[in-house]
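Structure first, then comments.
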Amino acid sequence: MKDFVPLWVFSNYSFLEGASHPEELMEQAAACGYATTGLTDRDGVYGIVRAHVAAREQGIQLLPAAQITLEEGGHLLLYPVSRDGYGNLCALISCGRMRHEKGRSAVSLEELSSHCADILCILVPDPRYPSDSICASLSRIFADRLYTGIARHRRTEDARHERRARKIASAFSLPLIATPAVRYHEVARRVLHDVLTCIRYGCTLDEAGSRLAPNAEFYLPSRTQMHELYGDVPETLSETLRFRERIHFSLDEIRYRYPVEPLSQGQTVDSRLRDLTFAGACLRYPDGTPPEVRMQLERELSIIQELEYGGYFLTMHSIVTYCREQGILCQGRGSAANSAVCYCLGITAIDPVRMNLLFERFLSKERAEPPDIDLDIQHNRREEVIQYMYTRYGRQHAAMVANVVRFRTRSAIREVGKAFGYPAVLLDQMSRIASGRSSSLAECADAVGLRDHQHRVKAFLHCCEAIQRFPRHMSIHPGGFLLGSEPVSRLVPIEPASMPGRTVIQWDKYDVEEMGLFKVDLLGLGALTHLDMCFRLLREHRNTDLTMSRIPADDAEVFRMVSRGDTVGVFQLESRAQIAMLPRMKPRCFYDIVIEISIVRPGPISGGMVHPYLRRRNGEEQVVYPHPSLKPVLEKTLGVPLFQEQVMKLAVVAAAYSPGEADQLRRDMAAWRREGRIEQHRSRMIDRMCARGIDVSFAEQVFDQIRGFGEYGFPESHAASFALIAYSTAWMRHHHPDVFVCALLNAWPMGFYAPATIVADARRAGIEIRPVCIHRSEWFCTLEAHDVRGNNGAGAIRFAVRMGLRFVRGVGPEDWTRVLDARPFSDLDDCMRRTRLSEDVMVSLSESGAFRVLGTGRRTAVWKSYGSRDRTGNAMCFPEYVPGFSELSPYEYTEWDYESSMHSTRGHPMERVRDLLASRRISDSAALMRKPDGARVQYAGLVICRQKPETAGGTIFMTLEDESGFVNLIVRREQQQQHRTLIMTQQFLGVDGILQTHPSSPYILVSALWQPDLSTLHQVSGYPAQRNFM
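Counted from 1, the sequence shown has number 60 at position 60 by the numbering used here; the numbering is strictly sequential.
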């Protein structure tokens, strides 16, 4: 039986054209007995690294390639035969991508001729072969490296295509080669392939017609099936083997070189790094560098030099220096905070020697993989740093890393449902009901009237399941940069990003890590923007020059505030889960904040470590160690492992892991996206711990925590870096609450809460929030003089916060500039004439009450705004007749505020119905706080958040808000089944349940949910956006 090499293979990284993951294709190829297979995704190598890794695991050879679109017409399979050929292929794809809008690609014959060296080319019928003139040009370009492919799929058009193929082969003396088109790994994927086709064309299965493949013959055939298909032309099968023998390239041959940093005469990379490090040490330790720090620096510098990573550290230092010079707040985080070199270079802000952090968590000779430094940058100025990178290294040598946008539960329901022809309203309802972590789509379908016993519904649900995790399209990584000494486009293709001025590679961060490439992460962090704005407001209004390093440490008043859970807007401590934990933890020092940030994570929670830690911290349980050897590892967390570093040390100390095994554990913890990696450690780790006398229950707990860390666990260094920012924002909230709130609103969107919640919380804290005003409001919120003094020890004057015009719906920066240039105004007509604002903008400003300062009520201003401009923007005659409108009621003021500005400075929506609710004995949050624990209560409020953590056993946590505070709901599975639609869709919600008293806010264990019969409280589009983490 003839062997064969599949050469025309699409994976799902051909985006809506292939219906199998690269890993599935490689596994199936191995199962079919193939020693080699190609991968030829359309106009890209997006999935090639995943395929390479999977092929290696399956013990087969992968031939990297791509299908290229010709601008003159036709498609070609291009296979590089060497590293130079691969570079040419990447450069060619880059040409095709960069000359077209995002999502399109085509190369010209001229470009192909310039990049054809060391590349084999196959003509394929997709949907037809190129014209004779194009074939003649391709013959001149490729000479004996050109082939004509024959694709047989038992279609009526196969014979016509093959006649054309033989004619081309004869005319240009080309060998014929068997190239059946593979679009999925098994026949069962045919329906999903049809659905993907419909999504691509925006049609339904009933409308698709000839756009769908005529049969299911586009799977990866076995060798027996290939012999049946091509038995009459066995030479075309043999040709695939000769084709394979011409290729001598593998992705393993890629050797990456980092860019050379500018150096002074006589300097080397390592000497420059050494000079900068010890100069930085003098600044970090003004009283003299401690001997233990000097020793650690010498050790780290030696390892960095041996691994030849010095250039990477110089790059990070140059970025941080640029940020400092430009006044841009930045701070390194992650495992880089374990490095004393990073600390002395100013990249990170945590002293790893003082905190006894593990450098090997960041870098080690045994691991010999590139360091990974994440640099947080205030998010409103990150683009400046990104453009600095392009300028410094050149666009040929710098590009951003991609991010794969995948189908999730909701997008799968919507897009697959459209292909099946289901109504959009039904799909929208089903997608809202469906939880991102729901195990049963059938329940969601049943809830909207789709019964899974129907054949069509079964197919729909099957496709919804199968398509999840499929790549939908590529986007851009939040801040990952790839830098290269050679042009990046010869390493991996680049293409334009959606955002102007950026280019992006075709690999994501996992591909980059797998290939051992250096990635610089420049991440936008809203909390740094918040702090920067706080510091600027302090300089402007209180003549106080403050920085993070100058904020007083260990302020007892700040920790008392944090311990109350009074942390709305405080970085990392503002989620409802954190606010619930804080009164139990009662942080008293900086390291307590480090632990607080780490403990509300899947790792410690799933490992059952949270409650033992809290009991030991509160003196309710004795601190014990499962084995004396573990005391040095666990002492600072009271015998309970909370950090990744501790888990790694436990593996070495308790389970006798070698350094290599511990590193593999670290890799597998990071590789949670690949199922099964962590599970292979279970029996080994537990058995070894038990053999050393450690209790089996503790061993199982540790392993459960490792599995939790696999999804999202913090290294201690990462938590410490975040804790610095958390403490700084908490200090600002306590000592300068007016500045804190003003800056928080100006830094928004960021954090956990919508502006309405931030405003309501500020008003409850006694801060005056003033409404938008056409004369007094700036674009951002501002501070205005106020005669009330603060209640903190500093006795600072408490300013009022004036809302900015950016919070008015539909008002943009250009509109604000027109207002600024023209004001003050004598009346509304004067404003209309001189600003030439559009009718929509005038109406929005009128509804927000911005013209009250001109003596014009909202209704009158809206009346006059309608028709103030024609469609060309020219002024029209103002209405001569203006009715005598009545003043808005307090309820109407609130409603208009939310409709126009997404918040209200006057009140909360629930205030409008408080009397009605009270008459029904329905409490507000303040009243609930006064009730005894275990009381049966009724409550109604505005939904602001829904969460369903994987570690919660299916429980949904919801946060409701009213005029006096927050109420947290605990919704068990049984209530979810009864009230799924209410839970997922209602803006206002009523509940019955058992009260659980809590120092920060009440909890209700829900027994029933209901929709409040509040006719005066109808749905308003501007009410706070609901945050769903489901």
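For glycine and all other residues, C-beta sits at the position ideal for the given N, C-alpha and C.
query: In this structure, what does DSSP give as the bridge partners for Cys-330?
result: Ile-377
field: First and last residue of the uninterrupted alpha helix (DSSP H) at Cys-742
entry: Cys-742 -> alpha helix (DSSP H) spans 737-747.
task: Spell out the partners DSSP gives Ile-494 in its beta bridges.
output: Its beta-bridge partners are Ile-505.
query: Within this structure, are the beta carbons of Thr-959 and Arg-576 separated by less than 8 angstroms?
result: yes
task: Over the uninterrupted alpha helix (DSSP H) stretch that includes Ile-199, give me the two end residues.
output: That run of the alpha helix (DSSP H) goes 190-201.
query: Are Leu-744 and His-477 closer than 8 angstroms when you measure CB to CB?
result: no
Whole-number beta carbon distance between Asp-704 and Gly-608, since they are thought to touch under 8 angstroms: 7 angstroms
Nearest candidate by alpha-carbon position, reference Leu-120, set Asp-132, Tyr-129 and Ile-141: Ile-141
query: For Ile-350, which beta-bridge partners are listed by DSSP?
result: Looking at the DSSP assignment, Ile-350 forms no beta bridge with any residue, so it has no partner.
field: His-541 - DSSP class collapsed to helix/strand/coil
entry: helix
- request: Return yes when the Cβ of Lys-519 is within less than 8 angstroms of the Cβ of Leu-491, no when it is not.
  value: no
- prompt: Rounded C-beta distance between Asp-924 and Arg-912? I'm assuming under 8 angstroms.
  reply: Not quite, the Cβ-Cβ distance comes to about 13 angstroms (not below 8 angstroms), so this is no contact.
message: Gly-85 and Phe-249 - do their beta-carbons sit closer together than 8 angstroms?
response: yes
- request: Report the option in Cys-32, Leu-1009 and Ala-720 whose CA atom is closest to the CA atom of Gln-975.
  value: Of the candidates Cys-32, Leu-1009 and Ala-720, the one whose C-alpha sits nearest the C-alpha of Gln-975 is Leu-1009.
message: Tell me which residues share the same chain as Ala-794 and place their Cβ nearer than 7 angstroms to its Cβ, disregarding the 5 neighbours each side in the sequence.
response: In this prediction, Ala-794 has a pLDDT of 43, which is less than 50 and means its spatial position is unreliable; what the coordinates show is noted afterwards. Closer than 7 angstroms at the Cβ level, and outside the excluded window around Ala-794, lie His-735.
message: Quick check on Tyr-866: buried or exposed, where buried means 16 or more other Cβ atoms within 10 Å of its Cβ?
response: exposed
query: Three-state secondary structure (DSSP) at Asn-792?
result: The predicted position of Asn-792 is uncertain, since its pLDDT is 46 and thus under 50; a value taken from the coordinates is nonetheless stated next. Coil, per DSSP.
message: How far does the beta strand (DSSP E) with Tyr-79 in it extend, from its first residue to its last?
response: 75-80
Straight-line Cα distance separating Arg-97 from Pro-496: 7 angstroms
- prompt: DSSP state of Glu-17, grouped into three classes?
  reply: coil
- prompt: Is the beta carbon of Glu-300 less than 8 angstroms from the beta carbon of Asp-663?
  reply: no
- request: Starting from Ile-970, follow its DSSP beta bridges and name the residues at the other end.
  value: Phe-957 and Leu-1005
task: With a 10 Å radius around its C-beta and 16 neighbouring C-beta atoms as the bar for buried, classify Ala-730 as buried or exposed.
output: By the neighbour-count rule (16 or more Cβ atoms within 10 Å), Ala-730 is buried.
message: Can you find the residues in the same chain that come closer than 7 angstroms, C-beta to C-beta, to Ala-19, ignoring five residues on each side of it along the sequence?
response: Non-local beta-carbon contacts of Ala-19 in its own chain, meaning distances under 7 angstroms to residues more than five positions away in sequence, involve Asn-12, Arg-183, Tyr-184, Arg-189, Leu-192, His-193 and Leu-196 in chain order.
field: Under 8 angstroms between C-beta atoms of Val-772 and Leu-783
entry: no
- prompt: Ala-926: beta carbon under 7 angstroms from a heavy atom of the ligand ATP?
  reply: In the structure on display, the ligand ATP does not appear, and there are no ligands present to speak of.
message: Our contact map puts Phe-740 next to Met-732 with C-beta atoms below 8 angstroms; I'd like the distance itself, whole angstroms only.
response: 5 angstroms
query: How big is the Cα-Cα spacing for Asp-687 and Leu-665?
result: 16 angstroms
query: Roughly how many angstroms lie between the CA atoms of Tyr-312 and Leu-283, to the nearest whole one?
result: 22 angstroms
task: Select from Ser-139, Val-808 and Asp-287 the residue whose C-alpha is nearest the C-alpha of Ser-900.
output: Considering only alpha carbons, the answer is Val-808.
- request: May I ask which residues mark the beginning and end of the beta strand (DSSP E) holding Asp-521?
  value: Element bounds for Asp-521: 519-525.
message: Taking 8 angstroms as the threshold (C-beta atoms), are Pro-587 and Ile-593 in contact?
response: yes
- prompt: Can Cys-1071 and Ala-459 be called in contact, C-beta distance under 8 angstroms?
  reply: The question about residue 1071 has no answer, for the chain in this structure spans 1 to 1030.
query: Per DSSP, Arg-42 forms a beta bridge with which residues?
result: Gln-67
- prompt: What residues in its chain sit with their C-beta under 8 angstroms from that of Arg-673, if we drop five residues either side in the sequence?
  reply: Confidence is the limiting factor: at Arg-673 the pLDDT is only 47, short of 50, which leaves the residue's position unreliable, though a coordinate-based value still follows. Only Tyr-510 meet the Cβ criterion.
query: Ends of the beta strand (DSSP E) at Gln-938?
result: 936-947
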